[in-house]
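Enquirer: If you read the protein sequences in the order shown, they are chains A and B.
Under numbering that gives the first Met the number 0, the first residue of the first sequence carries the number 0, and numbering increases by one thereafter.
Under numbering that gives the first Met the number 0, the first residue of the second sequence carries the number 0, and numbering increases by one thereafter.
Positions of the beta carbon are idealized from the N, C-alpha and C atoms, including for glycine.
2 protein chains.
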Amino acid sequence: MNLALLTIGDEICLGQIVNTNAAWIADQCSRQGWRVLAHSAVGDAIQMIIAECERLSGLADVVIITGGLGPTHDDCTKTALTEWTGDVLVEHKPTLEHLQYVMRQRGRELNARTAAQAMQPSRSTPLQNDKGTAPGIWLEIERYGKPVVIIALPGVPQEMRHLMLDRVLPRLRVYDSQNTSRLAHGWVMLYTTLLTTGIVESALADLVGDVQTLLEGQELAFLPSAAGVKLRITVTAPTRDEAQTLLERLTAKLRSIVEPYIYGTNDDTLEAIVGQRLRERGKTLAVAESCTGGLLGARLTDVAGSSAYFLGGVQCYSNEAKTRFVGVQPETLAQHGAVSEQTAGELASGIRKRFDADYGIAITGIAGPDGGTPDKPVGTVWIGLADAHSTHAEHFVFTNDRTFNRERAVVMALVRLWQHLQVTT
Amino acid sequence: MNLALLTIGDEICLGQIVNTNAAWIADQCSRQGWRVLAHSAVGDAIQMIIAECERLSGLADVVIITGGLGPTHDDCTKTALTEWTGDVLVEHKPTLEHLQYVMRQRGRELNARTAAQAMQPSRSTPLQNDKGTAPGIWLEIERYGKPVVIIALPGVPQEMRHLMLDRVLPRLRVYDSQNTSRLAHGWVMLYTTLLTTGIVESALADLVGDVQTLLEGQELAFLPSAAGVKLRITVTAPTRDEAQTLLERLTAKLRSIVEPYIYGTNDDTLEAIVGQRLRERGKTLAVAESCTGGLLGARLTDVAGSSAYFLGGVQCYSNEAKTRFVGVQPETLAQHGAVSEQTAGELASGIRKRFDADYGIAITGIAGPDGGTPDKPVGTVWIGLADAHSTHAEHFVFTNDRTFNRERAVVMALVRLWQHLQVTT
Chain A
0 MNLALLTIGD
10 EICLGQIVNT
20 NAAWIADQCS
30 RQGWRVLAHS
40 AVGDAIQMII
50 AECERLSGLA
60 DVVIITGGLG
70 PTHDDCTKTA
80 LTEWTGDVLV
90 EHKPTLEHLQ
100 YVMRQRGREL
110 NARTAAQAMQ
120 PSRSTPLQND
130 KGTAPGIWLE
140 IERYGKPVVI
150 IALPGVPQEM
160 RHLMLDRVLP
170 RLRVYDSQNT
180 SRLAHGWVML
190 YTTLLTTGIV
200 ESALADLVGD
210 VQTLLEGQEL
220 AFLPSAAGVK
230 LRITVTAPTR
240 DEAQTLLERL
250 TAKLRSIVEP
260 YIYGTNDDTL
270 EAIVGQRLRE
280 RGKTLAVAES
290 CTGGLLGARL
300 TDVAGSSAYF
310 LGGVQCYSNE
320 AKTRFVGVQP
330 ETLAQHGAVS
340 EQTAGELASG
350 IRKRFDADYG
360 IAITGIAGPD
370 GGTPDKPVGT
380 VWIGLADAHS
390 THAEHFVFTN
400 DRTFNRERAV
410 VMALVRLWQH
420 LQVTT
Chain B
0 MNLALLTIGD
10 EICLGQIVNT
20 NAAWIADQCS
30 RQGWRVLAHS
40 AVGDAIQMII
50 AECERLSGLA
60 DVVIITGGLG
70 PTHDDCTKTA
80 LTEWTGDVLV
90 EHKPTLEHLQ
100 YVMRQRGREL
110 NARTAAQAMQ
120 PSRSTPLQND
130 KGTAPGIWLE
140 IERYGKPVVI
150 IALPGVPQEM
160 RHLMLDRVLP
170 RLRVYDSQNT
180 SRLAHGWVML
190 YTTLLTTGIV
200 ESALADLVGD
210 VQTLLEGQEL
220 AFLPSAAGVK
230 LRITVTAPTR
240 DEAQTLLERL
250 TAKLRSIVEP
260 YIYGTNDDTL
270 EAIVGQRLRE
280 RGKTLAVAES
290 CTGGLLGARL
300 TDVAGSSAYF
310 LGGVQCYSNE
320 AKTRFVGVQP
330 ETLAQHGAVS
340 EQTAGELASG
350 IRKRFDADYG
360 IAITGIAGPD
370 GGTPDKPVGT
380 VWIGLADAHS
390 THAEHFVFTN
400 DRTFNRERAV
410 VMALVRLWQH
420 LQVTT
């Protein structure tokens with residue numbers, strides 16, 4: 000089954016907000032083995048919405064629209080859909096009753112604006128929204144001699160996700176299975192991603208060699224990311240079982256070649272993988288963060304259950320904090336400076352001792368945009384790693400971008416800890 | 000001038016990554032007073048790219064393409080462009096020389112794959128890329144009896160931003176001024192956003208009253224965000240000067256009504272505004288973070304120059320860290336628990352004292368998904384705020400989503416500090 004996504008909203012077109020909805024919906028649909036062919040976004044303008052509905056209906060079996068379903072004057076998706084399909088709005092009694100119930104729960108009167116949400120295209124099936132007032136819309140039409148499902152959902156992410164997971168995906172799975180012969184593509188596409196680190200893209204490409212032969216004509220993409228290169232294998236096959244079998248076989252082939260560099264697959268994060276290793280071994284971790292100000296700890300504690308191995312740390316932004324709360328020698332700071340191998344080492348071993356942790360990690364650097372010197376330009380970062388046996392600090396020079404430097408420092412700290420855990424037991 | 004954006008890449012279509020490039024480019028163009036009419040994204044498929052180039056050229060004066068310019072086999076934007084315009088690729092000598100220079104700098108040989116980046120559409124102007132190997136493409140064509148500029152940029156955000164800021168925007172400004180009469184729209188659209196906090200959307204709408212009259216027919220959008228509701232005023236006028244004058248007048252009108260709730264405008268962040276207040280008053284801040292693990296410190300130190308007021312903090316994830324490094328009484332933890340008014344208060348006042356700071360902020364909560372009890376469900380957060388005179392802790396119950404709870408806790412801590420700084424001198 001092929002899909003196209005249409006996002007409605009001036010705030011998207013103007014670039015005021017990032018279109019996270021489209022990525023989330025596409026990811027959910029891709030996981031079903033369906034192929035998302037195109038994303039589109041237009042402003043709150045009825046004629047452009049109609050033109051896009053028409054175009055995307057020619058392209059795909061299913062068009063999922065988000066945004067423009069709210070109660071305010073700039074919401075015009077429902078108007079566009081009725082005009083496009085030559086339909087009319089009629090009162091949908093179950094929706095009205097649901098809105099009355101919701102307002103009672105909130106201790107408020109049902110006003111005219113909210114009640115208008117019960118007006119739905121006569122040929123559509125409203126999808127009850129338990130997280131807001133605008134119901135979703137499910138509309139089956141014929142276009143270009145083939146069936147098309149048009150789905151419209153509110154743009155509020157929480158409401159959209161609820162409607163996708165609880166109303167749309169279950170219906171679409173049934174629809175897909177009942178209409179296979181009538182839909183544009185019966186072929187199933189599946190993919191998996193191997194996450195590598197510690198090897199640059201060109202070296203990885205050399206290692207992989209002839210992609211066509213190795214992957215038997217299926218697709219391989221090299222996707223650079225902060226932690227390293229992601230390898231995405233995409234296979235297409237007539238049935239889900241064939242695609243699954245092929246994907247597993249090709250993944251095993253590729254994996255055998257790049258194994259030493261793989262830290263995870265698909266949605267795995269470095270912080271979750273590192274956390275799992277620490278937990279398996281019953282080891283603990285503490286951090287001392289200067290230029291990252293807490294970003295490493297924030298990443299580590301993004302992982303549910305991280306209290307099993309993350310004890311905490313010190314955001315030692317000032318020099319005084321480095322000496323008083325982590326135990327860096329004042330002479331070290333005076334002689335080598337806050338951004339130095341020596342300070343990074345003392346921060347790592349100091350935080351490890353103070354927290355009685357198995358591992359200590361320290362980050363100290365010049366994030367920028369100011370503070371650089373000819374010796375230590377903006378982007379200079381020292382990352383320290385200490386365990387009971389030794390302390391090691393490594394030097395990096397990133398860019399002149401503050402946000403990038405801080406993010407990259409955190410990623411490299413996690414990479415080094417992962418590598419350290421790979422070679423130690 | 001009207002624009003359309005086209006993003007190329009399977010990883011976008013499949014939803015593996017969020018399309019942050021489109022939002023960033025749209026924002027940059029909107030700030031110039033140009034109108035971005037549509038965003039589109041398709042996979043690495045030549046025929047779909049060509050179809051989109053054709054369609055978007057009909058819609059807009061400028062089409063900005065990102066992605067698919069790299070050296071690997073799945074990069075096909077250049078092929079699509081040459082095929083679409085009936086052009087051929089020719090070697091662009093300055094690009095080749097630049098690539099040779101870059102490779103020498105990196106101490107590497109110029110291989111065939113990288114050298115192929117010097118092959119450019121014969122009718123285009125290559126845009127030198129100082130952050131990578133793929134040059135951007137600037138191509139002026141005629142379509143549907145009007146001029147269209149086609150711009151293609153690499154998808155790597157750092158390279159794309161460099162090319163947009165240093166090559167594309169300056170050229171586009173000149174192009175716009177030289178072609179005003181030939182371009183689809185001469186009208187200029189400008190907008191500004193007032194950032195409010197401490198008032199809910201419906202109360203804000205009541206306060207604003209009749210939008211049509213107040214804004215004289217221009218547009219006002221209510222955009223909910225974590226910190227509060229953003230009010231975006233958009234005006235359209237025949238000239239830039241008229242738009243600017245109108246925007247300033249309407250903004251002043253709206254501002255006079257909602258003034259007490261405004262913490263900033265446009266791209267202002269709470270952390271930058273709070274930082275500015277602290278800096279103006281010569282005050283300092285320290286933080287104690289339990290469930291956020293460093294996220295508040297990370298946000299505060301996102302701001303360049305934050306070392307002037309942010310001294311640091313303790314990521315007191317474990318109970319032991321709370322007592323040993325922040326000075327919470329063990330009896331307090333035993334009697335009230337780590338997530339309590341008493342602990343939040345002792346963390347805030349304790350961290351303030353240990354760091355000799357003017358203000359201490361503490362966050363302690365149950366981020367989830369586990370760890371909730373009937374008394375203290377997942378999403379329970381206590382935020383403590385201490386100054387030299389008093390300590391106060393406030394109770395929140397957010398959602399069952401770990402990431403959301405942590406983000407919201409950090410935002411509310413910043414909101415409370417901002418409000419505190421508003422009422423104190």
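Are Ile232 (chain B) and Leu219 (chain B) touching if we call contact CB-CB under 9 Å?
Expert: Taking the second sequence and counting its residues from 1, one reaches residue 232 (chain B) at position 233. Taking the second sequence and counting its residues from 1, one reaches residue 219 (chain B) at position 220. Taking 9 Å as the Cβ cut-off, Ile232 (chain B) and Leu219 (chain B) qualify as a contacting pair.
Enquirer: With 16 as the cutoff for other CB atoms within 10 Å, does Asn110 (chain A) come out buried or exposed?
Expert: By one-based count along the first sequence, residue 110 (chain A) stands at place 111. Exposed, because fewer than 16 other Cβ atoms sit within 10 Å of the Cβ of Asn110 (chain A).
Enquirer: Comparing alpha-carbon positions, which option in B:Cys75, B:Ser305, B:Ala22 lies nearest Val41 (chain B)?
Expert: By one-based count along the second sequence, residue 41 (chain B) stands at place 42. Cα-wise, what sits closest to Val41 (chain B) is B:Cys75.
Enquirer: Tell me the rounded alpha-carbon separation between Glu330 (chain A) and Ser289 (chain A).
Expert: As a first step, residue 330 (chain A) is located in the first sequence; it is residue number 331 there, counting from the start. As a first step, residue 289 (chain A) is located in the first sequence; it is residue number 290 there, counting from the start. Approximately 18 Å, taken between the alpha carbons.
Enquirer: Grouping DSSP H, G and I as helix and E and B as strand, with all else coil, what is Trp186 (chain B)?
Expert: Numbered from 1 along the second sequence, position 187 holds the residue referred to as residue 186 (chain B). Of the three classes helix, strand and coil, the one that applies to Trp186 (chain B) here is coil, per DSSP.
Enquirer: Tell me the DSSP secondary structure of Ile365 (chain A) in three-state form.
Expert: Against the first sequence, residue 365 (chain A) aligns to sequence position 366. Of the three classes helix, strand and coil, the one that applies to Ile365 (chain A) here is coil, per DSSP.
Enquirer: Between the segment 252 to 272 of chain A and the segment 318 to 335 of chain A, can you find at least three pairs of beta-carbon atoms closer than 8 Å?
Expert: Contact between the segment 318 to 335 of chain A and the segment 252 to 272 of chain A is absent, because fewer than three Cβ pairs lie under 8 Å.
Enquirer: From the beta carbon of Cys52 (chain A), is the nearest beta carbon of chain B less than 9 Å away?
Expert: As a position in the first sequence, residue 52 (chain A) is number 53, starting the count at 1. No - not a single Cβ of chain B is within 9 Å of the one on Cys52 (chain A).
Enquirer: Report the option in B:Glu340, B:Gln127, B:Thr196 whose CA atom is closest to the CA atom of Ala385 (chain B).
Expert: By 1-based counting over the second sequence, the position of residue 385 (chain B) is 386. Nearest C-alpha to Ala385 (chain B): B:Glu340.
Enquirer: Does the ligand ZN have a heavy atom nearer than 8 Å to the CB of Val422 (chain A)?
Expert: The ligand ZN is absent from the structure shown, which contains no ligand whatsoever.
Enquirer: Taking the runs of the alpha helix (DSSP H) that are 4 residues or longer, which of them lie wholly in the segment 185 to 272 of chain B?
Expert: Fully enclosed alpha helix (DSSP H) runs of 4 or longer: 200 to 207, 210 to 213, 239 to 257.
Enquirer: Have a look at B:Val302, B:Trp417, B:Pro156, B:Thr291 and flag the residue whose alpha-carbon is nearest the alpha-carbon of Ile365 (chain B).
Expert: Start at 1 with the first residue of the second sequence, and residue 365 (chain B) comes out as number 366. Among B:Val302, B:Trp417, B:Pro156, B:Thr291, the Cα nearest to that of Ile365 (chain B) is on B:Thr291.
Enquirer: Taking the straight line between their C-alpha atoms, what separation do you get for Gly66 (chain B) and Ile16 (chain A)?
Expert: In the second sequence, the residue the question calls residue 66 (chain B) occupies position 67. In the first sequence, the residue the question calls residue 16 (chain A) occupies position 17. When rounded, the distance between both Cα atoms is 20 Å.
Enquirer: In angstroms with no decimal places, state the Cα-to-Cα distance between Leu310 (chain A) and Gly312 (chain B).
Expert: The residue you call residue 310 (chain A) lines up with position 311 of the first sequence. The residue you call residue 312 (chain B) lines up with position 313 of the second sequence. The alpha-carbon atoms of Leu310 (chain A) and Gly312 (chain B) are separated by roughly 14 Å.
Enquirer: Out of B:Glu158, B:Ala356, B:Gln46, which has the shortest C-alpha to C-alpha gap to Thr81 (chain B)?
Expert: Along the second sequence, one-based indexing puts residue 81 (chain B) at 82. The candidate whose alpha carbon is nearest that of Thr81 (chain B) is B:Gln46.
Enquirer: So, with DSSP's three-state summary, where would you put Ala133 (chain A)?
Expert: In the first sequence, counting from the first residue as 1, residue 133 (chain A) sits at position 134. Coil.
Enquirer: Which bits of chain B does Val35 (chain A) rub up against, with CB to CB less than 8 Å?
Expert: In the first sequence, residue 35 (chain A) corresponds to position 36, counting from 1. Correct list: Cys12, Leu13, Gly14.
Enquirer: Sort A:Trp83, A:Val89, A:Val87, A:Lys130 by Cα distance to Gln104 (chain A) and report the nearest one.
Expert: Counting from 1 along the first sequence, the entry for residue 104 (chain A) is found at position 105. Per the Cα distances, A:Lys130.
Enquirer: With a CB to CB cut of under 7 Å and the five nearest residues on each side skipped, what residues in its chain are close to Gln157 (chain A)?
Expert: Here residue 157 (chain A) refers to the residue found at position 158 when the first sequence is read from its first residue. Lys130, listed in sequence order.
Enquirer: Mapping DSSP to helix, strand and coil, what is Arg105 (chain A)?
Expert: For the purposes of this step, residue 105 (chain A) is taken as the residue at position 106 of the first sequence. The answer is coil: DSSP assigns Arg105 (chain A) none of H, G, I, E or B.
Enquirer: In this structure, does DSSP put Arg122 (chain B) in helix, strand or coil?
Expert: Here residue 122 (chain B) is taken as the residue at index 123 of the second sequence, counted from 1. Three-state DSSP puts Arg122 (chain B) in coil, outside helix and strand.
Enquirer: Pull the bridge partners of Leu332 (chain A) from the DSSP assignment, please.
Expert: Here residue 332 (chain A) is taken as the residue at index 333 of the first sequence, counted from 1. According to DSSP, Leu332 (chain A) bridges with nothing at all.
Enquirer: Please classify Val396 (chain A): is it buried, with 16 or more other beta-carbons within 10 angstroms of its beta-carbon, or exposed?
Expert: The residue given as residue 396 (chain A) occupies position 397 in the first sequence. With fewer than 16 Cβ atoms within 10 Å of its Cβ, Val396 (chain A) is classed as exposed.
Enquirer: Would you call Arg407 (chain B) buried or exposed, if buried means 16 or more other Cβ atoms sit within 10 Å of its Cβ?
Expert: The sequence position of residue 407 (chain B) within the second sequence is 408, counting from 1. Buried, because 16 or more other Cβ atoms sit within 10 Å of the Cβ of Arg407 (chain B).
Enquirer: Please report the distance separating the alpha-carbon of Glu247 (chain B) from that of Gly274 (chain A).
Expert: Start at 1 with the first residue of the second sequence, and residue 247 (chain B) comes out as number 248. Start at 1 with the first residue of the first sequence, and residue 274 (chain A) comes out as number 275. Between Glu247 (chain B) and Gly274 (chain A), the C-alpha separation is close to 52 Å.
Enquirer: For Val101 (chain B), which residues of its own chain have a beta-carbon under 8 Å away from its beta-carbon, when the five flanking residues on both sides are left out?
Expert: As a position in the second sequence, residue 101 (chain B) is number 102, starting the count at 1. Cβ within range, chain order: Thr132.
Enquirer: If I follow the unbroken alpha helix (DSSP H) through Arg172 (chain A), where does it start and stop?
Expert: The residue given as residue 172 (chain A) occupies position 173 in the first sequence. Here the alpha helix (DSSP H) through Arg172 (chain A) covers 168 to 178.
Enquirer: Using beta carbons (cut-off 9 Å, strictly below), is Phe309 (chain A) in contact with chain B?
Expert: Within the first sequence, numbered from 1, the residue matching residue 309 (chain A) stands at position 310. Output row for Phe309 (chain A): interface = yes.
Enquirer: Could you round the C-beta distance between Gly370 (chain A) and Asn399 (chain A) to whole angstroms and report it? I think they count as a contact, below 8 Å.
Expert: In the first sequence, residue 370 (chain A) corresponds to position 371, counting from 1. In the first sequence, residue 399 (chain A) corresponds to position 400, counting from 1. That pair is no contact at about 11 Å.
Enquirer: Would you say Val286 (chain B) faces chain A, with C-beta separation under 9 Å as the test?
Expert: Locating residue 286 (chain B) in the second sequence gives position 287, where the first residue counts as 1. Cβ-Cβ to chain A under 9 Å: yes for Val286 (chain B).
Enquirer: Closer than 8 Å between beta carbons: that is the criterion. Which residues of the segment 348 to 360 of chain B meet it against chain A?
Expert: Cβ contacts with chain A come from Arg353, Phe354.
Enquirer: Beta-carbon of Val313 (chain A) versus every beta-carbon of chain B: anything under 9 Å?
Expert: The sequence position of residue 313 (chain A) within the first sequence is 314, counting from 1. Judged by the 9 Å Cβ criterion, Val313 (chain A) is in contact with chain B.
Enquirer: Return the chain-ordered ranges of every alpha helix (DSSP H) run that is complete within the segment 340 to 402 of chain B and spans a minimum of 4 residues.
Expert: Runs of the alpha helix (DSSP H) inside the segment 340 to 402 of chain B: 340 to 353.
Enquirer: Which residue or residues does DSSP assign as beta-bridge partners of Arg34 (chain B)?
Expert: Position 35 of the second sequence holds residue 34 (chain B). B:Asn1.
Enquirer: Look at the alpha carbon of Gly326 (chain A) and the alpha carbon of Ser317 (chain A), and state the distance between them as a whole number of angstroms.
Expert: As a first step, residue 326 (chain A) is located in the first sequence; it is residue number 327 there, counting from the start. As a first step, residue 317 (chain A) is located in the first sequence; it is residue number 318 there, counting from the start. Each residue's alpha carbon lies about 13 Å from the other.
Enquirer: Just to check my reading of the structure: Val293 (chain A) and Gly344 (chain A) have Cβ atoms closer than 8 Å, yes? What is that Cβ distance to the nearest angstrom?
Expert: The residue you call residue 293 (chain A) lines up with position 294 of the first sequence. The residue you call residue 344 (chain A) lines up with position 345 of the first sequence. As written in the sequence, residue 293 (chain A) is Gly, which differs from the Val given in the question. Rounded, the Cβ-Cβ distance is 21 Å, inconsistent with contact.
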